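Line by line, the protein sequences give chains A and B.
Residue numbers for the first sequence follow this note's numbering, so the first one is 126 and each next one is one higher.
Residue numbers for the second sequence follow this note's numbering, so the first one is 336 and each next one is one higher.
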Amino acid sequence: MTASIESLPIASDRAQRAGERYTGMILLAPTMIIMTVVGLFPLLHSLYMSITGYRPADPDKFQGFVGLGNYADALADAQFLHSILLTLLFTVLSVGLSLTFAILLALLFNLRLRGFTVLRTIIIVPMLITPIAVGITWRIMMMPDLGVLNYVLSLAGIPPQPWAGEKASAMASMVLVDVWQWTPFMFLIIFAGLSALPKSPFEAAAIDGASPIQTFFMVTLPMLRPVIVIASLLRIVDAIRTYDTVYIITRGGPDFATDLLSVYLARVNFRFFNLGYGAALSWITLLIILTVVLIFVKYTGFMRMVNEKEAR
Amino acid sequence: MSSSTAPRGSLFSGIGYYLLALISTAFFAFPIVWMTLSSLKSDVDISAYPPKWIFSPTLESFRKLFTELNAMDALINSAFIVCLATLFAMIAGTLAAYGLARFDVKNKNFIAFEVLSIRMLPPMVSVIPLFIIAKQLGIFDTPWLLIAVYTLNGLPFVVWVMRVFIQEIPQSIEEAALIDGCSRFECFWRVTLPLLLPGLAATMVIIFMFAWNEFLLASILTSSEARTLPVIAASSIKAKAISWGLGSAAGVLMSLPVVVLVLLMQKYLVRGLTLGAVKG
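So this is what it looks like as structure tokens:
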């Protein structure tokens with residue numbers, strides 16, 4: 126570890142590092158061990174379960190090896206496909222809407238009028254609230270008869286809404302809750318991105334006589350792209366596995382209108398204890414998320430950004 | 336950039352902007368205000384219609400939270416589990432980040448991506464195997480199981496964010512220390528680590544937040560002894576009915592620590608939340 130001074134010219138840090146060939150590995154070891162034991166091992170266990178008929182609650186049924194049977198069943202499971210579609214709809218709506226609001230908010234707050242800093246701090250609070258608490262609060266507020274939301278609507282002369290209580294509006298209500306909680310997250314990131322943009326392109330656009338709308342679409346938005354993509358990626362990953370708020374507010378109902386993937390998976394696993402089948406469904410979910418993420422990472426160069434910094 | 340997106344000359348547009356900003360702030364603040372008000376209402380006030388804005392506040396719901404739902408045990412569990420998991424993730428993750436940033440490691444990108452993929456993993460995949468394994472090992476419903484899981488979940492944040500922070504410290508500072516006769520360890524402990532403190536603090540707050548707020552894993556991997564606050568709070572909800580005051584009080588109690596902590600540490604929040612990719 127301690128090299129003598131003569132053997133250590135400044136330029137040969139690589140040689141110095143070569144002498145520490147194992148140090149890097151040793152530093153990585155605790156992380157790799159935790160990842161293997163707590164992460165990889167359960168994952169492989171789940172993969173194994175997914176090719177068995179394991180269901181501890183029905184000892185009469187076949188528990189052994191079923192090959193890809195569970196996966197074949199999953200593809201024919203209308204309830205599962207319904208959940209996938211609902212989850213994708215939920216994700217697109219929730220991420221799309223919160224992204225739009227976040228960009229508008231970021232533009233507004235970038236005017237940096239007096240007092241905006243305080244308001245900005247208040248706006249980011251929803252993303253810090255425990256999702257279970259968010260679910261409880263919105264469920265109380267959305268009560269059709271006694272809830273404060275319908276009271277506020279009645280003040281404006283709007284008839285009371287069933288919110289999460291009816292099939293037609295349940296999905297929209299869950300999207301509303303998600304947009305409320307996570308727009309602040311998008312806003313925070315996009316605002317930071319907006320603040321870091323260089324000034325000169327905007328001055329150039331102003332000199333060229335671009336209207337504010339032209340400037341936004343031709344200058345601001347393209348320059349914000351990396352930030353927007355990263356914020357969306359993180360949100361998409363989380364939106365696909367949304368569970369807590371739906372569990373508290375609707376539990377997938379009414380009539381499966383908000384039966385997102387994670388809620389359906391929880392039912393298969395924890396209510397029916399159909400664990401082999403549940404594992405197969407989880408793995409399909411994992412593959413869906415991985416596909417989305419890989420496309421995004423490739424498309425944005427998320428890895429490249431960090432690696433470039435290192436190659437100084 | 337600050338003045339170039341929109342003209343802010345006229346008084347009317349200025350008022351318009353303030354109105355817009357106030358309305359959007361109200362939208363995001365209202366549910367939190369309502370949760371707080373509900374937690375301070377008596378059972379009679381809370382179910383009044385039209386809803387009461389002015390009432391005599393009472394701590395009755397909070398008292399019930401501690402007497403009926405054992406919130407004290409859950410609070411202690413949450414604090415113990417989340418603090419230890421945060422500590423372990425910070426130590427393991429920072430070491431790994433230092434290794435990735437400063438040493439030649441084979442398959443560096445692959446390892447980094449592997450760590451990142453933990454962030455993408457749906458908890459639903461591993462929760463059942465964890466449950467089965469924990470039952471066999473006899474650690475089900477103990478804090479240690481959740482500590483292990485939350486440590487894992489914190490790692491991608493720590494490794495990725497700290498890697499960026501470490502990369503931003505010029506290597507020449509460390510080289511100077513090495514030439515002056517510091518060992519690698521001294522060099523890290525005395526030179527690099529102090530420079531990393533802000534980054535460490537920010538990362539810590541973020542993984543604390545995610546672990547503190549986690550519900551799904553906690554609800555399956557505990558049954559009575561190791562229950563955390565979100566699990567207790569969720570138990571105030573039945574499929575058909577909800578104990579309003581109790582639920583709101585639980586919401587306030589568990590959200591408060593995170594809100595305070597994060598608002599104190601706002602500076603590096605963006606960097607941490609985006610795993611180092613966006614500067615705040």
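A virtual CB, placed ideally from N, CA and C, is assigned to each residue, including glycine.
If you're wondering where the values come from, they're calculated on a predicted model, not measured in any experiment.
At a cut-off of 8 Å between beta-carbon atoms, F241 of chain A makes contact with chain B.
For T563 of chain B, the secondary structure class from DSSP, reduced to helix, strand or coil, is coil. Any Cβ of chain A closer than 8 Å to the Cβ of P478 of chain B would place that residue at the interface, and such an atom is absent. With its beta carbon less than 8 Å from one in chain B, M160 of chain A belongs to the interface. Across the structure, W388 of chain B and R398 of chain B are spaced so that their CA atoms are roughly 22 Å apart. Taking C-beta atoms under 8 Å as the contact rule, F327 of chain A and M252 of chain A fail to qualify, at a distance of about 29 Å. Of the other Cβ atoms in all chains shown, 16 or more fall within 10 Å of the Cβ of P478 of chain B; this residue is therefore buried. Between S590 of chain B and I254 of chain A, the beta carbon gap of about 5 Å places them in contact (Cβ cut-off 8 Å). Interface flag for T255 of chain A against chain B is set, since a Cβ pair is found closer than 8 Å. The way I'd put it, the region 370-377 of chain A does touch the region 286-300 of chain A; three or more beta-carbon pairs between them come closer than 8 Å.
Comparing alpha-carbon positions, the option among A:N399, A:L172, A:E291 lying closest to T383 of chain A turns out to be A:E291.
The criterion of a C-beta distance shorter than 8 Å is satisfied by A227 of chain A and F312 of chain A. Only M544, W547, N548, F550, L551 from the region 527-552 of chain B bring a Cβ to less than 8 Å from some Cβ of chain A. Among the CB atoms of chain B, none fall inside 8 Å of the CB of F342 of chain A. Here V352 of chain A is not near A330 of chain A, since their CB atoms are 8 Å or more apart. Residue pairing by DSSP puts I577 of chain B in a beta bridge opposite B:I572. Between the region 518-530 of chain B and the region 449-464 of chain B there are fewer than three C-beta pairs closer than 8 Å, too few to call the two in contact. The three-state secondary structure of F365 of chain B, taken from DSSP, is helix. In the three-state DSSP reduction, F475 of chain B falls in the coil class, being neither helix nor strand. With fewer than 16 other beta carbons inside 10 angstroms of its own, N442 of chain B counts as exposed. Residue pairing of T177 of chain A in beta bridges, as defined by DSSP: A:F190. Residue A:F398 holds the alpha-carbon nearest to the alpha-carbon of D183 of chain A among A:F421, A:D270, A:D333, A:F398. Per DSSP, reduced to three states, the secondary structure at W388 of chain B is coil, with no helix or strand assignment. Note that the C-beta distance between R606 of chain B and V496 of chain B is below 8 Å. With three or more CB-CB distances shorter than 8 Å, the region 196-203 of chain A counts as touching the region 400-413 of chain A.
Under the 8 Å criterion on CB atoms, T393 of chain B is classed as non-interfacial with respect to chain A.
Interface annotation, M600 of chain B: not in contact with chain A, CB-CB separation never under 8 Å. For I482 of chain B, same chain residues with a beta-carbon under 6 Å away, outside a window of 5 residues either side, are I416, L419, A420 in chain order. Contact of V605 of chain B with chain A by beta-carbon distance below 8 Å involves L313, I314, A317. Neighbourhood of W369 of chain B in chain A, by CB distance below 9 Å: T262, I265, M266, V273, in chain order. Going by C-alpha positions, N235 of chain A is about 16 Å away from L224 of chain A.
If you look at W524 of chain B, you'll find it isn't in any alpha helix (DSSP H); DSSP assigns it neither H nor E. For L278 of chain A, no Cβ of chain B is located within less than 8 Å of the residue's own Cβ.
Considering only A:V259, A:L214, A:T156, A:F342, the residue with the shortest C-alpha distance to I365 of chain A is A:L214. Proximity of chain B to V300 of chain A at the Cβ level (cut-off 9 Å) is not reached, the minimal Cβ distance being about 15 Å.
Residue nearest to I413 of chain A within the set A:L169, A:L218, A:L210 is A:L210 (criterion: CA-CA distance).
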